[in-house]
Amino acid sequence: MKTMKIHQIFFKNSLRNFCYLITFDDGAIYCIDPFASLPIINYLKEQTLSAIINTHDHCDHYSGNEELVLAYQCPVMAHAQALVPHKNRNLADQEIIYHGTHAGIEWTLKSVHTPGHTLSHICVLLEKNDKAFALFTGDCFFNAGVGNCHNGGDPEVLYQSISTIFEKLPDDLLIYPGHEYLKRNLEFTKNYEPHNLVAQNFLKEISTLNLDEHFFINTMKTEREINTFLRLKSRDLLETLNLVNSNEKQVFLTLRELRNHW
Ligand SMILES: [Fe+2]
Numbered sequence: 009m010k011t012m013k014i015h016q017i018f019f020k021n022s023l024r025n026f027c028y029l030i031t032f033d034d035g036a037i038y039c040i041d042p043f044a045s046l047p048i049i050n051y052l053k054e055q056t057l058s059a060i061i062n063t064h065d066h067c068d069h070y071s072g073n074e075e076l077v078l079a080y081q082c083p084v085m086a087h088a089q090a091l092v093p094h095k096n097r098n099l100a101d102q103e104i105i106y107h108g109t110h111a112g113i114e115w116t117l118k119s120v121h122t123p124g125h126t127l128s129h130i131c132v133l134l135e136k137n138d139k140a141f142a143l144f145t146g147d148c149f150f151n152a153g154v155g156n157c158h159n160g161g162d163p164e165v166l167y168q169s170i171s172t173i174f175e176k177l178p179d180d181l182l183i184y185p186g187h188e189y190l191k192r193n194l195e196f197t198k199n200y201e202p203h204n205l206v207a208q209n210f211l212k213e214i215s216t217l218n219l220d221e222h223f224f225i226n227t228m229k230t231e232r233e234i235n236t237f238l239r240l241k242s243r244d245l246l247e248t249l250n251l252v253n254s255n256e257k258q259v260f261l262t263l264r265e266l267r268n269h270w
């Protein structure tokens with residue numbers, strides 16, 4: 009029996025944004041990162057929105073706020089330092105946004121402070137029976153990659169978030185990123201880990217697919233195999249980068265810089 013549903017919306021805009029709607033059995037519906045309002049309003053039909061959660065204050069993650077607040081008079085939540093329109097609730101690290109038990113399954117939605125892409129970036133963690141179930145990663149973490157730090161971010165801080173928070177996530181956790189960058193990121197992994205067969209096979213698998221219509225929800229286990237930013241000890245990677253004697257932070261920062269020009 010489904011007591012929670014995740015609906016993914018892809019906007020087909022040039023930045024390839026995703027938005028997510030999480031619906032619980034009691035009718036509570038949370039919207040994460042609305043780039044635009046219309047597909048959300050169309051999806052909701054007669055239902056209403058409980059709240060908007062913005063992972064960070066870049067406009068492609070909040071430009072739907074205005075019209076959604078007008079339509080549903082719903083609260084807007086983001087980190088205290090995030091400058092998003094209509095925000096009326098600040099989210100601290102580990103703050104509970106929603107908690108409910110449906111058919112014996114306990115669901116909790118909470119914010120996790122993950123600075124780096126911006127300093128006030130949060131991810132949204134969905135827990136099932138007190139165990140991490142899914143993570144909505146905004147622009148902190150993507151399929152096979154991590155976010156840039158161009159607009160208010162800091163790569164050293166991003167390294168801290170990835171190496172401390174993401175390292176600990178369970179293998180079966182589902183990743184819901186803020187953008188669709190899978191192919192480009194897999195090509196990056198393949199370039200710097202030329203012997204990574206999992207990444208190569210994944211690239212082959214998607215080569216014939218229309219990536220405007222076909223999306224992958226990876227687990228952390230898959231990400232640990234294809235996301236080179238999580239594979240800082242990989243011999244293949246260290247040799248390609250000529251960084252065999254470097255520490256993990258130096259490898260991460262080198263990768264982040266290389267990805268900026270990829
Ligand atoms: Fe962003």
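FYI, in this note's numbering the residues of the sequence shown are 9 to 270. Where is the CB? At the ideal position from N, CA and C, for every residue including glycine. None of these values were measured; they are calculated from a predicted model.
Rounded to a whole number of angstroms, what is the C-alpha to C-alpha distance between Ala88 and His203?
Stepping through the sequence shown from its first residue, residue 88 is reached at position 80. Stepping through the sequence shown from its first residue, residue 203 is reached at position 195. If you take the alpha carbons of Ala88 and His203, they lie about 43 Å apart.
Could you spell out where the alpha helix (DSSP H) holding Phe210 opens and where it closes?
Here residue 210 corresponds to residue number 202 of the sequence shown, with the count starting at 1. Segment 205 to 214, the alpha helix (DSSP H) holding Phe210.
Per DSSP, which residues does Phe32 bridge with? Please list them.
Position 24 of the sequence shown, counting from 1, holds the residue named residue 32. Phe32 is bridged to Met12.
If you measure between the beta carbons of Cys27 and Ile14, is that distance less than 9 Å?
Position 19 of the sequence shown holds residue 27. Position 6 of the sequence shown holds residue 14. No, Cβ-Cβ distance for Cys27 and Ile14 is not below 9 Å.
Would you check if the distance between the CB atom of Ile130 and the CB atom of Ala86 is smaller than 9 Å?
Taking the sequence shown and counting its residues from 1, one reaches residue 130 at position 122. Taking the sequence shown and counting its residues from 1, one reaches residue 86 at position 78. Yes, these two residues count as a Cβ contact at 9 Å.
What is the DSSP secondary structure of Asn253, counted as helix, strand or coil?
Numbered from its first residue, the sequence shown carries residue 253 at position 245. It is coil, neither helix nor strand.
Let me know if Thr216 comes out buried or exposed under the rule of 16 or more other beta-carbons within 10 Å of its beta-carbon.
Reading the sequence shown from its first residue, position 208 is the one you call residue 216. With fewer than 16 Cβ atoms within 10 Å of its Cβ, Thr216 is classed as exposed.
Under 9 Å between the Cβ atoms of Ile30 and Leu134?
Taking the first residue of the sequence shown as 1, we reach residue 30 at position 22. Taking the first residue of the sequence shown as 1, we reach residue 134 at position 126. A contact, by the Cβ cut-off of 9 Å.
How long is the line joining the alpha carbons of Leu23 and Gly161, rounded to whole angstroms?
Locating residue 23 in the sequence shown gives position 15, counting from the first residue. Locating residue 161 in the sequence shown gives position 153, counting from the first residue. Cα to Cα, Leu23 sits roughly 18 Å from Gly161.
Is any non-hydrogen atom of ligand 1 found closer than 8 Å to the C-beta of Asn159, if you look at the structure I gave you?
Along the sequence shown, read from residue 1 onward, the residue named residue 159 stands at position 151. Flag set: Cβ of Asn159 near ligand 1.
Within 8 Å: the Cβ of Thr145 and any heavy atom of ligand 1?
On the sequence shown, residue 145 is found 137 positions in, with the first residue counted as 1. For ligand 1, not one heavy atom lies less than 8 Å from the Cβ of Thr145.
Would you say Ile173 and Thr11 are within 9 Å of each other, going by their C-beta atoms?
Within the sequence shown, residue 173 is the residue found at index 165, counting from 1. Within the sequence shown, residue 11 is the residue found at index 3, counting from 1. No, the Cβ-Cβ distance between Ile173 and Thr11 is not below 9 Å.
Check Cys131 in the structure and name its three-state DSSP category.
Along the sequence shown, read from residue 1 onward, the residue named residue 131 stands at position 123. Reduced to three states, the DSSP call for Cys131 is strand.
Just checking: is the beta-carbon of Ile225 within a distance shorter than 9 Å of some beta-carbon in chain C?
Protein chains in the displayed structure number just one, and chain C is not present.
Would you say His64 touches ligand 1, meaning its beta carbon is less than 8 Å from a heavy atom?
Counting from one through the sequence shown, the residue named residue 64 turns up at place 56. Result yes, Cβ under 8 Å from ligand 1.
Are Val84 and Asn62 touching if we call contact CB-CB under 9 Å?
Here residue 84 is taken as the residue at index 76 of the sequence shown, counted from 1. Here residue 62 is taken as the residue at index 54 of the sequence shown, counted from 1. Yes, the Cβ-Cβ distance between Val84 and Asn62 is below 9 Å.
Identify the continuous beta strand (DSSP E) that holds Glu114 and give its terminal residues.
As a working note, residue 114 is residue 106 in the sequence shown. 113 to 121 is the extent of the beta strand (DSSP E) around Glu114.
Which residues in the same chain have their Cβ closer than 6 Å to the Cβ of Thr248, if we skip the five residues on either side of it in sequence?
Here the question's residue 248 lines up with position 240 in the sequence shown. Hits under 6 Å: Tyr200.
Using CA coordinates, which residue listed in Leu219, Leu194, Glu221 is at the minimum distance from Asn209?
Counting from 1 along the sequence shown, the entry for residue 209 is found at position 201. Nearest option by C-alpha distance: Leu194.
Which residues share a DSSP beta bridge with Phe19?
On the sequence shown, residue 19 is found 11 positions in, with the first residue counted as 1. For Phe19, which the question treats as bridged, DSSP gives no partner whatsoever.
For Thr56, is the classification buried or exposed, using 16 other Cβ atoms within 10 angstroms of its Cβ as the cut-off for buried?
As a first step, residue 56 is located in the sequence shown; it is residue number 48 there, counting from the start. Exposed: under 16 other Cβ atoms inside 10 Å.
For Thr126, verify whether its CB is less than 8 Å away from any heavy atom of ligand 1.
Within the sequence shown, the letter at position 118 stands for residue 126. Indeed, a heavy atom of ligand 1 lies less than 8 Å from the Cβ.
For Ala79, which of helix, strand or coil comes out of DSSP?
Looking up residue 79 in the sequence shown gives position 71. Three-state result, Ala79: helix.
Pick from Lys176, Glu103, Asn151, Asp68: whose alpha carbon is nearest that of Glu233?
In the sequence shown, counting from the first residue as 1, residue 233 sits at position 225. Checking every option, the nearest Cα to that of Glu233 belongs to Asn151.
Please report how far the alpha carbon of Leu245 lies from the alpha carbon of Arg239, in whole angstroms.
Numbered from its first residue, the sequence shown carries residue 245 at position 237. Numbered from its first residue, the sequence shown carries residue 239 at position 231. Approximately 8 Å, taken between the alpha carbons.
So what does DSSP say about Arg24, is it helix, strand or coil?
Working through the sequence shown from its first residue, we reach residue 24 at position 16. In this structure, Arg24 counts as coil in the three-state DSSP scheme.
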